[in-house]
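Going by the UniProt record's numbering, the residue at position 79 of the sequence shown is 79; the numbering climbs one at a time, nothing skipped.
Just so you know, even glycine gets a beta-carbon here, dropped at the ideal spot from N, CA and C.
Fair warning: this is a prediction, and the values are worked out from it, not measured in the lab.
One structure below.
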Amino acid sequence: MSKDQVKKIVKIYADYLIRQGFAFQSIYLYGSYARGNAHEWSDIDVAVISPKFAGKDWDENEQQLWRWRRDIDIRIQPLGFSPDEFEKNLSPLISEVKKTGIRIK
Numbered sequence: 001m002s003k004d005q006v007k008k009i010v011k012i013y014a015d016y017l018i019r020q021g022f023a024f025q026s027i028y029l030y031g032s033y034a035r036g037n038a039h040e041w042s043d044i045d046v047a048v049i050s051p052k053f054a055g056k057d058w059d060e061n062e063q064q065l066w067r068w069r070r071d072i073d074i075r076i077q078p079l080g081f082s083p084d085e086f087e088k089n090l091s092p093l094i095s096e097v098k099k100t101g102i103r104i105k
């Protein structure tokens, strides 16, 4: 699958989240597809930046992202981050998203 095809899938997923009422600030494609070294079995790594991940319901919101991905493409592997942790680079994974990720929305 090409990078453009994957970006289209992530955009469809982002639009789906909007239709479900899931507020987010941005969505990034990261990982092998963003870096250009994906293979046949690569998953679609997606970072969702949302205030919903700042509160006590973080785990429930993360699980919801995983349930909704089944409606679009089961290869999507979503991870949620709060805007604060994303801004402060509180994880090596966030650094990777910022360095190699492609903002989709």
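Counted as a single uninterrupted DSSP element, the alpha helix (DSSP H) harbouring Phe86 occupies residues Pro83 to Glu87. For secondary structure counted as the alpha helix (DSSP H) over 4 or more consecutive residues, the UniProt domain "Polymerase nucleotidyl transferase" (25 to 69) holds these complete runs in sequence order: 32 to 35 and 58 to 69. Residue environment: Ser50 is assigned as buried (16 or more neighbouring CB atoms within 10 Å of its CB, all protein chains considered).
In the three-state reduction of the DSSP assignment, Gln20 falls in the coil class, being assigned neither a helical nor a strand state. Under the DSSP definition of a beta bridge, Gln77 partners with Asp45. Within the DSSP bridge table, the entry for Ile102 names Leu29 as partners.
When the Cα atoms are used, Leu65 and Ser42 turn out to be separated by approximately 19 Å.
Within a 10 Å sphere around the beta-carbon of Arg69 sit 16 or more other beta-carbons, which makes this residue buried. Taking the Cβ atoms as the reference, Val10 lies roughly 7 Å from Ile27, within the contact range of under 8 Å.
A residue is called buried when at least 16 other Cβ atoms come within 10 angstroms of its Cβ; Pro92 does not meet this threshold and is exposed. The distance from the Cβ of Ala14 to that of Lys105 is about 4 Å, consistent with a contact at the 8 Å cut-off.
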